[in-house]
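Encoded as structure tokens, the structure appears first; notes follow it.
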Amino acid sequence: MLSRTRREPSVNLALALLLLAIPVAASALGEPFYVTLATRVTILALAAVGLNIALGLG
Numbered sequence: 078m079l080s081r082t083r084r085e086p087s088v089n090l091a092l093a094l095l096l097l098a099i100p101v102a103a104s105a106l107g108e109p110f111y112v113t114l115a116t117r118v119t120i121l122a123l124a125a126v127g128l129n130i131a132l133g134l135g
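So the sequence shown is numbered by the working numbering: it starts at 78 and just counts up by one.
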């Protein structure tokens, strides 16, 4: 059985790959709205992580 610390990196990796795949798939399907939406979500997520690190909450 995997410990909790071994499970989290794989979940994080899966989510990161999913976030990277969304704009690629949307571009291939010709959906600029979803590319813009995924870009905005990613930028706001990076800002949230940066704020979390800057405030020392994480």
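Just so it is clear, CB atoms sit at the ideal spot from N, CA and C, and this is done for glycine as well.
Between Ile99 and Ala122, the C-beta gap is not smaller than 8 Å, which leaves the two residues out of contact. In this structure, the beta-carbon distance from Thr119 to Leu96 falls below 8 Å. Linking Asn129 to Ala105 through their CA atoms gives a straight-line distance of about 34 Å.
Excluding the 5 residues flanking it on each side, Leu92 has no same chain C-beta neighbour closer than 8 Å.
Shown here, Glu108 sits in coil according to DSSP, grouped into three states, outside any helix or strand.
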